[in-house]
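K.L.:
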Amino acid sequence: MPTDCISFRDTSYFSSFICDYLDESPELKVFYNRFPKLENFKYQIEEKTSSYDKSVREVLTNQLEQQYQHIETSELTLQNIESIRSENTFTITTGHQLNLFTGPLYFLHKIISTINLTKALKTEYPDYNFVPVYWMASEDHDFDEINYFNFRGKKIQWNREDGGAVGRFDTEGLEDILNIISAEFGEGRNAKQLIRWFKEAYINHNNLSDATRYLANALFSEYGLVIIDADDRELKRLFIPQMQKELLELTSYTTVKETNNKIEALGLNIQVNPRAINLFYLGENLRERILFEDGFFKVNNTAISWTKNELLKHLDEKPECFSPNVILRPLYQEVILPNLCYIGGGGEMAYWFQLKSNFEAQNVTFPILLLRNSVLIKTEKQSNKQENLSISNTDLFLKRNSYINKRVRKISNIDIDFSEQLEYLQQQFSALNELANKTDKSFLGAVEAQEKKQIKGLKHLEKRLLKAQKKKLADQIARATELQEQLFPNNSLQERTTNFSELYLEFGEALIPELANSLDALKGDFTIITI
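In this text, residue positions in the sequence shown follow the working numbering: the first is 28, and each later residue adds one.
1) DSSP three-state label for G371, please.
2) Counting only runs of 4+ residues fully inside the region 32 to 57, write out the alpha helix (DSSP H) ranges in chain order.
3) Considering only the alpha carbon of each residue, which of I482, N460, Y161 and G484 lies closest to A473?
4) Could you round the C-beta distance between L65 and A147 to whole angstroms and report it? I think they count as a contact, below 8 Å.
5) Can you name, in chain order, every residue of its own chain whose Cβ lies under 8 Å from the Cβ of F35, other than the five neighbours on each side?
6) Threshold first: 3 residues or longer. Then list the beta strand (DSSP E) segments lying entirely within the region 242 to 287, N to C.
7) State the beta-bridge partners of M163 as determined by DSSP.
8) Do you know how far the Cα of A505 is from the Cα of I395?
9) Could you tell me the alpha carbon to alpha carbon distance between F319 and L246, rounded to whole angstroms?
10) Looking at the secondary structure, which residues open and close the alpha helix (DSSP H) in which F196 lies?
11) Taking E522 as the reference, which of N177, N186 and L309 has the closest Cα?
12) Report yes if the C-beta distance between F157 and P365 is below 8 Å; otherwise report no.
13) Less than 8 Å separating the beta-carbons of I222 and R240?
14) Can you find the residues in the same chain that come closer than 8 Å, C-beta to C-beta, to S209, ignoring five residues on each side of it along the sequence?
15) Among I207, E311, K426 and L293, whose alpha-carbon lies nearest the alpha-carbon of D197?
16) Short check: CB of E541 to CB of I558, under 8 Å?
17) W333 by DSSP, collapsed to three states: which one?
18) Looking at the unbroken beta strand (DSSP E) that takes in K182, where does it start and where does it end?
19) Quick check: the region 108 to 127 against the region 77 to 96, are there 3 or more CB pairs under 8 Å?
20) Less than 8 Å separating the beta-carbons of F470 and A463?
21) Is the separation between the beta-carbon of T286 and that of A388 shorter than 8 Å?
22) Who are E315's beta bridge partners in DSSP?
23) Buried or exposed: where does V57 fall if 16 or more other Cβ atoms within 10 Å of its Cβ makes it buried?
24) The beta strand (DSSP E) that contains L510, what's its start and end?
25) Excluding sequence positions up to five away, which residues of its chain have a Cβ less than 6 Å from the Cβ of Y359?
26) What is the DSSP secondary structure of N60, counted as helix, strand or coil?
27) Could you work out which residue in P29, H168, D467 and I139 is closest to V160 when comparing CA atoms only?
28) Could you compute how far the alpha carbon of D167 sits from the alpha carbon of G190?
29) Helix, strand or coil: how does DSSP classify P351 here?
30) Is the Cβ-Cβ distance between K75 and T334 less than 8 Å?
31) Look at I290 and I297 and say whether their C-beta atoms are less than 8 Å apart.
32) Comparing C-alpha positions only, which one of N217, S519 and A501 sits nearest to L530?
33) Among the candidates E347, K426 and L125, whose CA atom is the shortest distance from the CA of Y175?
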């Protein structure tokens, strides 16, 4: 399978923050622990071994076994769960929302990056075991972000009442989605498999967490993926000390605020802002912020309140009612998992950079941060069309207007690049400026005005010629534009828009193995693949 790559910076789809991190910019070093290189995992293993509470392994394994008791999975996954009891086993983790039918394509890329890194680490450090983990964002409450997926330009959306942690939502109403996709996917072996997965996941399971676990397991169990739902009483019991510190000392607010000031001083954007208390309270159809007001702890938009002692007693008795927000969720993950590395997208990496000081304040090892693989997948037909049109991979990533203009200039029999003329014109006016300086400086304003007028006129002529050539070469431009629209739907990266079902209909059961065989988790470039 042919593969190519382009630097993340050259795609123009990733922030300078992320690109600077990939370039190991010295000014960012304070915001992370170790850069994701194979040799650095040796030191991460040592640090995690010394800081991770060994008693947690037994609880974690027991709860994972309980979560898997009603699901058929692979022997490799079961072995991976059992291996977590051992002190020489570590996890590599990615997390994702419970998007309907996995949501955007990068769901696959995240998990494959995680699986492939565990393989690379096992080769480098054979005395240890490395388990790929998918952390389900089952306590998320942003239902509007997850209740749909895109299929061939259509938005297939699940409509139901919102409220509470999404993982606890029942699957009522998804029979309607099953009917829609059955018509959209059509006939054929691959279509039938997709429909079967959807039906088994969403119709034959009672809540969104169980449905998502089933689907992710169906796609990745043969690779030993372990799926964890941390909305779990016994797992949250392990996190009580950190939640108590959060409630009483406002640890996250203080530490993250200081880090945010440092990030802003570098001219970089802040991804998330901490609240005074970064915990939610969970109940039936309820996930609301915990506040401290007038000497009482309260649940926002409810009549629930506690004194300090009442709250600590309630936390000890019912830790499952407390839910970390985006600031605390990473800390919770690293407390309960023997984790070495977190793999995420650009937005996730940006907010993880804000959290290192909070980990230090809580005496929890900060993981290595790895940007997930990003991939553009082409069919052989699309690849052949690109080759016939002589379009480079770099050109494909241009914004639409620049892409078309460059294409016009390339295939036109007229030179429509006026850069030489502009440079010559600027040289002439530079000479005129020099002459005015030596004779009468009052003419400088007139020279400058004339320069602006001439440059504007020349650029206008260039635009008119481009427009005329676009009209003349409309058929060829349309072919090139159609290709880019297929690969960059809605002028966005394919992986951020397209659902895996579109590609599965094309490639079937070869899709995931082809991706797994082609991607290198530590490569650090955007990958382009033809299947």
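Backbone N, C-alpha and C fix where the C-beta goes; we use that ideal spot for every residue, glycine too.
These numbers come from a predicted model, not from an experiment.
P.N.:
To lay it out plainly:
1) It is a strand residue.
2) Counting only runs of 4 or more, we get 35 to 38 and 43 to 49.
3) N460
4) 7 Å
5) F41, I45, C46, L49, L398, S401, G551, D552 and F553
6) As far as the region 242 to 287 is concerned, its whole beta strand (DSSP E) runs of at least 3 residues are 253 to 256.
7) H123 and D256
8) 45 Å
9) 44 Å
10) Premise fails: F196 is in no alpha helix (DSSP H) and is neither H nor E.
11) N177
12) no
13) Result no, Cβ atoms of I222 and R240 do not sit closer than 8 Å.
14) I222
15) E311
16) yes
17) Three-state result, W333: strand.
18) Where K182 is concerned, the enclosing beta strand (DSSP E) starts and stops at K181 to Q184.
19) yes
20) yes
21) No, these two residues do not count as a Cβ contact at 8 Å.
22) Y308
23) Exposed: under 16 other Cβ atoms inside 10 Å.
24) It is not in any beta strand (DSSP E) - L510 instead sits in the alpha helix (DSSP H) that spans A501 to L514.
25) F266 and P351
26) If DSSP states are grouped into helix, strand and coil, N60 belongs with coil.
27) For V160, the nearest C-alpha among the options comes from I139.
28) Between the alpha carbons of D167 and G190 lies a distance of about 10 Å.
29) Reduced to three states, the DSSP call for P351 is strand.
30) no
31) Contact: yes.
32) N217
33) L125
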